[in-house]
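Engineer:
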Amino acid sequence: MQRVTNPRPRLTQDPHANQREREKSLELAIGREVRQLRKGQSVTIAELASRTGLSVGMLSKLENGTTSASLTTLQTVANALRVPITAFFKGYEEMRGVMHVKAGDGLEVDRVGTRAGHQYHLLGHIVNNSSGVTVEPYLIELKAESDVFPTFQHDGTEFLYMIKGVVDYRHGDDIYRLESGDSLIFDADAPHGPEQLVDLPALYLSVISYPQ
């Protein structure tokens, strides 16, 4: 009687293996950029720890690509090194074309308008080295009459899309009434910003693109 042996189990590919490899590559790329920027400014890892409030061990793991840092941590390090957070991603080719941010996961950041009560939530960023353009989308919320601030000025082009509320928005010498569904695109070098808040709360999307 012929003996039948159990066949070797067939190995199946881990469906999450590629994702884990991409995440590992991203961590290494971010760590490499952080280390190069820090050393380029002649800042020791201890000095960076002092500036950020993060431990030396945490920063060492970040630079070695052995930890997945949150956007909040990366923003803290970027502020300490006086560079945009996008500088940490320029060495990672695969992440240049797409970034998925779930609802409520946007990073609250400080910009000039924060002093006027504006709440800025950074929804992601796209850096394309071939074109030399940085793109930053923000979700901006206005809640109080004191939130008017019509004198923003910065490089690049800005696109606004009104989601909720009504705002009279100034650009240069002109004022545009923005209601739900309206949009406005303009040269951001001219003074601009909310001139009058007609219906609050107001919520709008701001997408800023500028040269690196």
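Using my numbering, read the sequence shown as starting at 10 and increasing by one per residue. Glycine included, C-beta positions come from ideal geometry on N, C-alpha and C. Predicted, not measured: the structure shown is a model, and the values here were computed from it.
Would you please state the rounded distance, in angstroms, between the beta carbons of G202 and R179? I believe it to be under 8 Å.
Structural biologist: Residue numbering aside, residue 202 sits at position 193 when the sequence shown is read from its first letter. Residue numbering aside, residue 179 sits at position 170 when the sequence shown is read from its first letter. Confirmed, Cβ separation roughly 6 Å.
Engineer: Should T75 go down as buried or exposed, given a rule of 16 or more other Cβ atoms within 10 Å for buried?
Structural biologist: Sequence index remark: in the sequence shown, residue 75 carries index 66 (1-based). Label assigned to T75: exposed.
Engineer: Using alpha carbons as the reference points, say which of E42, S192, R60 and Y147 lies closest to S218.
Structural biologist: As a working note, residue 218 is residue 209 in the sequence shown. Among E42, S192, R60 and Y147, the Cα nearest to that of S218 belongs to Y147.
Engineer: Compute the Euclidean distance between the alpha carbons of K70 and L193, then round it to the nearest angstrom.
Structural biologist: As a working mapping, residue 70 is identified with position 61 in the sequence shown. As a working mapping, residue 193 is identified with position 184 in the sequence shown. Each residue's Cα considered, the two are about 43 Å apart.
Engineer: Terminal residues of the continuous alpha helix (DSSP H) containing R179?
Structural biologist: Reading the sequence shown from its first residue, position 170 is the one you call residue 179. R179 -> not in any alpha helix (DSSP H); beta strand (DSSP E) instead, spanning T166 to H180.
Engineer: Between D198 and the rest of its own chain, which residues show a CB-CB distance below 7 Å, the 5 nearest in sequence each way excluded?
Structural biologist: Here residue 198 refers to the residue found at position 189 of the sequence shown. Excluding residues within five positions, the ones whose Cβ falls inside 7 Å are Q162 and D164.
Engineer: With DSSP as the reference, please indicate the residues paired to F161 in a beta bridge.
Structural biologist: On the sequence shown, position 152 is the one that residue 161 refers to. Partner(s): H201.
Engineer: Return the bridge partner residues of D196 from the DSSP annotation.
Structural biologist: As a position in the sequence shown, residue 196 is number 187, starting the count at 1. Paired residues: T166.
Engineer: Please classify E222 as buried or exposed, where buried requires at least 16 neighbouring CB atoms within 10 angstroms.
Structural biologist: This structure gives no information on residue 222, because the portion of the chain shown stretches from 10 to 221.
Engineer: Where does the unbroken beta strand (DSSP E) through L187 begin, and where does it stop?
Structural biologist: Reading the sequence shown from its first residue, position 178 is the one you call residue 187. Counting along the chain, the beta strand (DSSP E) containing L187 begins and ends at D183 to L187.
Engineer: Would the beta-carbon of D177 fall within 7 Å of that of E204?
Structural biologist: Here residue 177 refers to the residue found at position 168 of the sequence shown. Here residue 204 refers to the residue found at position 195 of the sequence shown. Contact flag set, yes.
Engineer: Under a Cβ-count criterion, where at least 16 other Cβ atoms within 10 Å of its own Cβ denotes burial, should G181 be classed as buried or exposed?
Structural biologist: Here residue 181 refers to the residue found at position 172 of the sequence shown. When all chains shown are included, G181 counts as exposed.
Engineer: Nearest-angstrom Cα distance between L57 and A89?
Structural biologist: Against the sequence shown, residue 57 aligns to sequence position 48. Against the sequence shown, residue 89 aligns to sequence position 80. Rounded to the nearest angstrom, the two C-alpha atoms are 7 Å apart.
Engineer: Return yes when the Cβ of D208 is within less than 7 Å of the Cβ of V175, no when it is not.
Structural biologist: Within the sequence shown, the letter at position 166 stands for residue 175. Within the sequence shown, the letter at position 199 stands for residue 208. Result yes, Cβ atoms of V175 and D208 sit closer than 7 Å.
Engineer: Give me the Cβ distance between P220 and V142, rounded to the nearest whole Å; I'm assuming they're in contact under 8 Å.
Structural biologist: For the purposes of this step, residue 220 is taken as the residue at position 211 of the sequence shown. For the purposes of this step, residue 142 is taken as the residue at position 133 of the sequence shown. Contact holds; Cβ gap of about 6 Å.
Engineer: Quick one, which of E150, L214, K152 and P210 has its alpha-carbon nearest M171's?
Structural biologist: Position 162 of the sequence shown holds residue 171. Nearest C-alpha to M171: L214.
Engineer: Which residues in the same chain as I54 place their Cβ atom closer than 8 Å to its Cβ, once the five residues preceding and following it in sequence are excluded?
Structural biologist: The sequence position of residue 54 within the sequence shown is 45, counting from 1. Cβ within range, chain order: R47, V65, L68, S69 and E72.
Engineer: Can you look up L209 in the DSSP assignment and give me helix, strand or coil?
Structural biologist: On the sequence shown, residue 209 is found 200 positions in, with the first residue counted as 1. Residue state, collapsed to three classes: strand.
Engineer: E36: buried (16+ other C-beta within 10 angstroms of its C-beta) or exposed?
Structural biologist: In the sequence shown, the residue the question calls residue 36 occupies position 27. It is buried - the Cβ of E36 has at least 16 other Cβ atoms within 10 Å.
Engineer: Can you tell me the Cβ-Cβ gap for A110 and L132, rounded? I've got them flagged as a contact below 8 Å.
Structural biologist: As a position in the sequence shown, residue 110 is number 101, starting the count at 1. As a position in the sequence shown, residue 132 is number 123, starting the count at 1. Position check: residue 110 holds Val in this sequence, whereas Ala was assumed. V110 to L132, Cβ: 5 Å. Contact.
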